[in-house]
Amino acid sequence: MLSSRKTPYSSYGAVADPALESQSKHQVPEEDSPIEEVRASVPPTDDPTLPTATFRAWFLGIVFSLGISFTNQFFWFRANPLVLKVLVVQLLAFPAGCLFEKVLPHGTIDAFGRKFTLNPGPFNIKEHVLITVMANAAAVSFDSIDIIVVQKLYYNQWWGFTGGLLLVLTTSMLGFGFAGILKPFLVRPAAMIWPVNLVNATLFHTLHKDEPKGTHAYQGLGSGLSLSRNHFFLIACAASFCWYFFPGFIMPILVSISWICWAKKDSVLVSQIGSGLHGLGLGSFTLDWSNLSAWYPSPLALPWLVQANMFAGFVILIWIIAPLIYYTNTFEAKKFPFYNTHQYDIWGNVYNRSRIMNADNTLNETAYEEYSPIRITSFFALMYGQGLATTGAVLSHTLLFNGKEIWQRLKSARYEADDVHARLMERYQEVPGWWYGALFGGSLTLSLITICFWPSDMPWWSLFIAVGLAFIWVLPVGTVTAITSETPSISIITEWVYGLIRPGHPIGNIIFKTYGYITVRQALLFAQDLKLGG
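Following this line, the structure appears as structure tokens:
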């Protein structure tokens, strides 16, 4: 039995159903989530009669997956990527599904020895979730494409279509295998709430909520005005579409308004303090939503405590420690710019990589010693230090706060504190564990083929080290992500490890990082989808 208790997870951006929220404040039903925000967002019910894997669900899911994948990858190479969140697909899929409900013919069709109907009835919430989950798996931009681009631009190497496709697919499918294997730890526990999913779940139930006959879900706006949800969405969508032309094309200054810099535009010091693009950003703000949500989850979905923690860390690191290091000229910090991610030589010039590279794109140690060690800005060095500290903190936090439950789940496949929604899904046949194991094994085999037959500069044995690092870190990082929706990065650890085992091999390093770090990211994205789907 799940008991009512206060939890540290509060202040989410999801708009809760008032009736459910009122219930959660007074009493918790025996069969409901112990997390207040989950109770207010997701009802503990299920309708097993609703069709799920329908023709329209598969068709719309594939179409939206192709569209969002192409769009996000196309805009990935901008300074501030224009990222379409899966919420866009979730909103667009609803009218598309309702349209298919009206235009597709009824009746049964025989195909490949199976019978199915193009139009099984009203477009339902389970079809909607399936479409969204499919699109979410494709919405992320693939960092492995960065490797292909970097090798072509800077190292004159080309993977070709087959090699590039294998690199992209193997890094993703390894992550999918990890997610399925770790489902008992990252999906089934009630504490693994995945806050971003609460926004999606609330929207699903709002769109598919049955309204009493004679009502049209109109909301009062004051002075006798009213507006339906669909009308509000269309107005907001049109306004957002029109507004983006201003920061995106007409007035790019709206991307980062640094009014402090206007006072003395020729001052380097003022630029370092006030610039939102090249400095500390004190007093600067943006009127471009894509600038806010390009690199992190939507601020509307993150718990308030997480946002407060992030802001406090930002103030301490960026507004206090970074200026102290720079303006006291620690480690000759003033010889380099205050903020960027470039590399420099000891004289403060941009580093000439061609002077230290051999013909086979490995490091020429003699030329390196004769030329100059690499120097980076104090800001960039601080970010590396913060990244290393984060990786250690993730491990210790997971062991201290979640170690006991993880150990109990290792001993028992069915631990009693499972999420109520996970228990509701037990009436359906689950994807067997061996399937995820087979997916992982097949992906690992294809990964070996990829690094052995294409220009990876990675020995075969290093792949097992990369995948081993991913397996070690996916559970701690996944635990933090499932609770906060903020994902700590382990990219620095993977770079450091490969630098230790094979120094002087930059191409191998970035591919090793992809198999070690991107695999974790793909695993967590799929685990989030598994939680949303039940």
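In terms of the UniProt record's numbering, the sequence shown is residues 1 to 534.
Just so you know, even glycine gets a beta-carbon here, dropped at the ideal spot from N, CA and C.
Buried or exposed: where does residue i fall if 16 or more other Cβ atoms within 10 Å of its Cβ makes it buried?
i              : result
isoleucine 374 : exposed
tyrosine 517   : buried
tyrosine 515   : buried
histidine 342  : exposed
glutamate 416  : At glutamate 416, the pLDDT of 49 sits below 50, so the modelled position is not reliable; the number obtained from the coordinates is stated separately. Classification of glutamate 416: exposed, given that the 10 Å Cβ count is below 16.
leucine 324    : exposed
cysteine 242   : exposed
tryptophan 454 : buried
cysteine 261   : buried
glycine 214    : With a pLDDT of 48 at glycine 214, under the threshold of 50, the predicted position of this residue should be treated as unreliable, though the coordinate-derived value follows. Classification of glycine 214: exposed, given that the 10 Å Cβ count is below 16.
For the beta strand (DSSP E) that contains residue i, what are its first and last residues?
i              : result
lysine 115     : 114 to 117
isoleucine 109 : 108 to 111
Identify, in the order they occur along the chain, each residue of the same chain with its Cβ nearer than 8 Å to the Cβ of residue i, setting aside the five sequence neighbours on each side.
i              : result
glutamate 182  : The identity of residue 182 in the sequence shown is leucine, whereas the question assumes glutamate. These residues qualify, in order along the chain: Val474, Leu475, Gly478, Ala523, Ala527.
alanine 138    : Ser65, Leu66, Ile68, Ser69
leucine 363    : Ile356, Met357, Pro503, Gly504, His505, Pro506
tryptophan 460 : Leu448, Ile451, Cys452
serine 469     : With the sequence shown as reference, residue 469 is identified as leucine, and serine is not the correct amino acid for it. The answer, listed in chain order, is Ile490, Ile493, Thr494, Val497, Gly516.
Could you name the residues of the same chain whose beta carbon sits closer than 6 Å to that of residue i, not counting the 5 residues immediately before and after it, in chain order?
i                 : result
serine 94         : Sequence inspection shows phenylalanine at residue 94; the serine mentioned does not correspond to that position. Excluding residues within five positions, the ones whose Cβ falls inside 6 Å are Leu207.
tyrosine 498      : Asn509, Phe512
phenylalanine 365 : Sequence inspection shows glutamate at residue 365; the phenylalanine mentioned does not correspond to that position. Counting only Cβ-Cβ distances below 6 Å, and skipping sequence neighbours, we find nothing.
tyrosine 368      : Ile356
tryptophan 158    : Lys152
alanine 322       : Phe379, Leu382
phenylalanine 100 : Arg56
So residue i is in the alpha helix (DSSP H); what residue range does that whole segment cover?
i              : result
threonine 162  : 160 to 181
isoleucine 35  : Segment: none, isoleucine 35 is in no alpha helix (DSSP H) and carries neither H nor E.
tryptophan 295 : Unbroken run through tryptophan 295: none, as it is neither H nor E.
serine 271     : 268 to 274
threonine 481  : 460 to 484
threonine 450  : 433 to 453
lysine 102     : 86 to 103
tryptophan 319 : Note, tryptophan 319: premise wrong, no alpha helix (DSSP H); not H, not E.
leucine 522    : Looking at the sequence shown, residue 522 is not leucine but glutamine. Unbroken alpha helix (DSSP H) run through glutamine 522: 519 to 533.
Give me the Cβ distance between residue i and residue j, rounded to the nearest whole Å; I'm assuming they're in contact under 8 Å.
i                 : j              : result
leucine 300       : valine 199     : 7 Å
glutamine 73      : serine 141     : 5 Å
glycine 274       : serine 290     : Actually they are not in contact, since the Cβ atoms of glycine 274 and serine 290 sit about 22 Å apart, beyond 8 Å.
valine 86         : alanine 135    : 6 Å
phenylalanine 379 : tyrosine 327   : Not confirmed; about 12 Å, so no contact.
proline 297       : valine 394     : 17 Å between Cβ atoms; not a contact.
aspartate 457     : isoleucine 507 : 4 Å
threonine 450     : leucine 277    : Not a contact, Cβ separation roughly 37 Å.
valine 420        : serine 41      : The Cβ separation is near 13 Å, so there is no contact.
threonine 487     : threonine 481  : 5 Å
isoleucine 145    : valine 168     : 7 Å
Helix, strand or coil: how does DSSP classify residue i here?
i                 : result
phenylalanine 285 : strand
glutamine 343     : strand
serine 258        : coil
isoleucine 490    : coil
proline 120       : coil
isoleucine 193    : coil
valine 140        : coil
isoleucine 147    : helix
isoleucine 374    : coil
valine 350        : strand
methionine 383    : helix
lysine 265        : coil
serine 240        : helix
serine 456        : coil
methionine 134    : helix
methionine 251    : coil
Just to confirm my understanding: we take residue i, look at its own chain, exclude 5 residues before and 5 after, and list those with CB closer than 7 Å. What are they?
i             : result
glycine 387   : Ser489, Ile492
aspartate 529 : Val133, Asn136, Ala137
leucine 317   : Leu382, Gln386
arginine 427  : Pro48
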